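Have a look at the structure below, then the notes.
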Amino acid sequence: MSERTRFQINEPNISSEEIDGEVIIVNLINGNYYSAQDMGAYVWGKISHGESLENIQTSLCQRFMENETTIRDQLSAFFDKLESEELIVRANDSYEASGTLIDVPMPEQYAGPKLNCYSDMKDLLLLDPIHEVEDEGWPRKKKAWPTATPEIKD
C-alpha cells in the first residue's frame, strides 16, 4: 500500500456514527457491524475527512513516542482490514470528503487501532428498513398466500 494512498468511506454501502468516542460502522450489504474505539475511532474520523494514510501516520508519529515502524505497521494493518471488509475504498486524487464527517479527538495514549466485527444482528440489519420503506410503512406483514377453498356443489 502506498503511503500516499487516500481512501474514502464506501458510501452508500457503509454507514457510520460516532457515539461517545466510539465509532459504530454498519455494512449495509453484508449485515456486519463494527466497533472502532480510541485510536481506531480517531483514524476512522480522519478517513471520513479525506486524510491520506501518510498524513495520519505523520501526525501519530509526531504526537507519540512510539517507534515509527510500529505505528506504520499497525496503521497499515488497520487500513488493510478496513479495505478487506469493504468499509473503505481507494479514492482518486481529486476526491474531496463530502459524506458523513466524523470528529474524534486523538487519544492521550498510543495503542494500535483495532476494529471489532460483529455479525449477530446480520439478519435484522439486512432487512434494511431505512432505505426500503414503502407507503405502507415498516415492518410490513407478509401477504398471506391465497388458500384454496374447495368448491362446494349441491
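The sequence shown begins at 130 in the numbering used here and counts up by one.
Note that beta-carbon positions come from the ideal geometry of N, C-alpha and C, so glycine has one too.
Since the structure is predicted, the reported quantities are computational estimates derived from the model, not experimental observations.
{"query": "DSSP state of residue 214 mapped onto helix, strand, coil", "result": "coil"}
{"query": "Separation of residue 197 from residue 141, as counted between CA atoms", "result": "34 Å"}
{"query": "Rounded separation between residue 195 and residue 133 - CA only", "result": "21 Å"}
{"query": "Under the three-state DSSP convention, the category residue 240 falls into", "result": "coil"}
{"query": "Residue 191: first and last residue of the uninterrupted alpha helix (DSSP H) it sits in", "result": "182-192"}
{"query": "Same chain, Cβ closer than 6 Å to residue 189, five either side skipped, listed in chain order", "result": "200"}
{"query": "Inter-residue Cα distance where the pair is residue 143 and residue 177", "result": "12 Å"}
{"query": "Limits of the unbroken alpha helix (DSSP H) element including residue 144", "result": "Careful: residue 144 lies outside any alpha helix (DSSP H), inside the beta strand (DSSP E) at 143-148."}
{"query": "Whole-number beta carbon distance between residue 136 and residue 217, since they are thought to touch under 8 Å", "result": "4 Å"}
{"query": "Buried versus exposed call for residue 148 [16 or more other C-beta atoms within 10 Å across all chains shown]", "result": "exposed"}
{"query": "Buried or exposed (CB count within 10 angstroms, at least 16 for buried), residue 175", "result": "buried"}
{"query": "Local conformation of residue 164 per DSSP, three classes", "result": "strand"}
{"query": "Beta-carbon spacing of residue 156, residue 215 below 9 Å", "result": "yes"}
{"query": "Cβ neighbours of residue 224 in the same chain (closer than 8 Å, five flanking residues each side left out)", "result": "135, 137, 179"}
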